[in-house]
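>
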Amino acid sequence: MKRLLLTAALFVTAQPLMAQDFQPAPKRGLNLARETAVASNGGLGTYHPARCMYANSVDNPCLRVLTYGYEYRFLGGPPGWEVLGLRPTVESTVLISPNGQSVIVKSNLLPY
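Here the sequence shown is numbered in our numbering, starting from 4 and rising by one per residue.
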């Protein structure tokens, strides 16, 4: 009987997962944008994107939410460039579809 009451109490007090707390498209888009930039800049052996591309998609300075998708704009450079204080060698912009599953546009330019 105690086990049944404990189970019932846990069931009643459990908080439901709210849909607005779970945002798969921006996170999926972040991963896709990072992978796209890494692949188009020679792979992880020669290129490493900025820290923001490994952070959460919430309040991310590299992410701009647009009506037609997600724009990720970030710097990159040789492995360790941020830690070593080196200048970035590439500025990447990757536009991802609203569902976070496809690349619409990408560009890799010299920074500044």
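Virtual Cβ for every residue (Gly too), placed ideally from N, Cα, C.
Under 8 Å between the Cβ atoms of Tyr73 and Pro114?
In this structure, Pro114 does not lie closer than 8 Å to Tyr73 by Cβ.
> Classify Leu112 as helix, strand or coil using the three-state DSSP reduction.
Of the three classes helix, strand and coil, the one that applies to Leu112 here is strand, per DSSP.
> Contact defined as beta carbons within less than 8 Å: I believe Val106 pairs with Val97. What is the distance between those atoms, to the nearest angstrom?
About 6 Å separates the two Cβ atoms, so the contact holds.
> Can you grab the Cα-Cα spacing for the pair Leu35 / Pro27, in whole Å?
Each residue's alpha carbon lies about 12 Å from the other.
> On the criterion of 16 or more Cβ atoms from any shown chain inside 10 Å, does Tyr75 qualify as buried, or is it exposed?
Looking at its Cβ environment, which holds 16 or more other Cβ atoms inside 10 Å, Tyr75 is buried.
> Considering just the uninterrupted stretch of the alpha helix (DSSP H) at Gly32, what are its terminal residues?
Looking at the DSSP string, the run of the alpha helix (DSSP H) that includes Gly32 is Pro27 to Ser43.
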